[in-house]
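The sequence shown runs 48 to 183 under this note's numbering. Every residue, glycine too, gets a C-beta built ideally from N, C-alpha and C. Note that this is a predicted model, so its numbers are computed, not measured. Structure first, then comments.
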Amino acid sequence: MENDELPALELAFPGPERDRGVAAIEDGRKTALTGLMEIYEHAGEPLPEEGQRFAVLDSDGLPALTIELTEVRVVPIKEIDDDFARAEGRGYANAAEWRKAHEEFFQSEGVAEFLGHVPDIDDETLIVAERFRVVG
Numbered sequence: 048m049e050n051d052e053l054p055a056l057e058l059a060f061p062g063p064e065r066d067r068g069v070a071a072i073e074d075g076r077k078t079a080l081t082g083l084m085e086i087y088e089h090a091g092e093p094l095p096e097e098g099q100r101f102a103v104l105d106s107d108g109l110p111a112l113t114i115e116l117t118e119v120r121v122v123p124i125k126e127i128d129d130d131f132a133r134a135e136g137r138g139y140a141n142a143a144e145w146r147k148a149h150e151e152f153f154q155s156e157g158v159a160e161f162l163g164h165v166p167d168i169d170d171e172t173l174i175v176a177e178r179f180r181v182v183g
């Protein structure tokens, strides 16, 4: 399957944050993704599944590379450990840094605009924790 026939995966919002994420995947630093379960529910999107492939889009909306999910877990945010945090490839030293950054993003103006409210984030907030490998 050509990568333009795959479902699209967009990291964060177009711009510097997405560009850094795509670059981190390209250079092998980023091997994990996190999504807020509430976003999937609000969008009516099915959860991703292990083995599923995605075309990762750049800030111009063009496919930059293809990834394959190797693990998908729905867990409370408090269960993310240091290893997963580092696999996000954003330079987090530990799960506490990862959580602070993700809480800020999940409560950002863009997410709030999409959801219609600022989501409450606590230890039990469900997230979709994904690990992947680059396949093209």
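With a Cβ-Cβ cutoff of 8 Å, do residue i and residue j count as a contact?
i    : j    : result
I114 : F101 : yes
R180 : E118 : no
L83  : V121 : no
A71  : R133 : no
H89  : L162 : yes
Could you pull out every residue in the same chain whose Cβ sits closer than 8 Å to the Cβ of residue i, ignoring the five residues on either side in sequence?
i    : result
A59  : R65, G68, F152
E97  : L116, T117, E118, V119
E135 : K77, A79, L80, T81, W145
D128 : A142
Y139 : A132, R133, W145, A148
Residue i lies in the alpha helix (DSSP H); which residues open and close that run?
i    : result
P166 : That residue, P166, is in no alpha helix (DSSP H); it is neither H nor E in DSSP.
P93  : Element bounds for P93: n/a, residue is neither H nor E.
E144 : 142-153
R133 : 129-134
May I ask which residues mark the beginning and end of the beta strand (DSSP E) holding residue i?
i    : result
G82  : 79-83
A60  : First, the amino acid is wrong: residue 60 is Phe here, not Ala. Element bounds for F60: n/a, residue is neither H nor E.
R178 : 173-181
Kindly list the residues whose CB is nearer than 6 Å to the CB of residue i, restricted to its own chain and excluding five residues on each side of it in sequence; keep chain order.
i    : result
P63  : none
M48  : Annotation note: pLDDT 46 at M48 (below 50); position unreliable, coordinate value reported separately. Taken in chain order, the list of residues that qualify is empty.
A111 : V69, V103, D105
P61  : S106
E150 : I168
Kindly list the residues whose CB is nearer than 7 Å to the CB of residue i, restricted to its own chain and excluding five residues on each side of it in sequence; keep chain order.
i    : result
V182 : R100, T113, I114, E115
Round the Cβ separation of residue i and residue j to the nearest angstrom and send it over; I've been treating them as touching at under 8 Å.
i    : j    : result
D167 : P123 : D167 to P123, Cβ: 13 Å. No contact.
E57  : L104 : 5 Å
From the DSSP secondary-structure annotation, give me the bridge partner or partners of residue i.
i    : result
L112 : V103
P123 : L173
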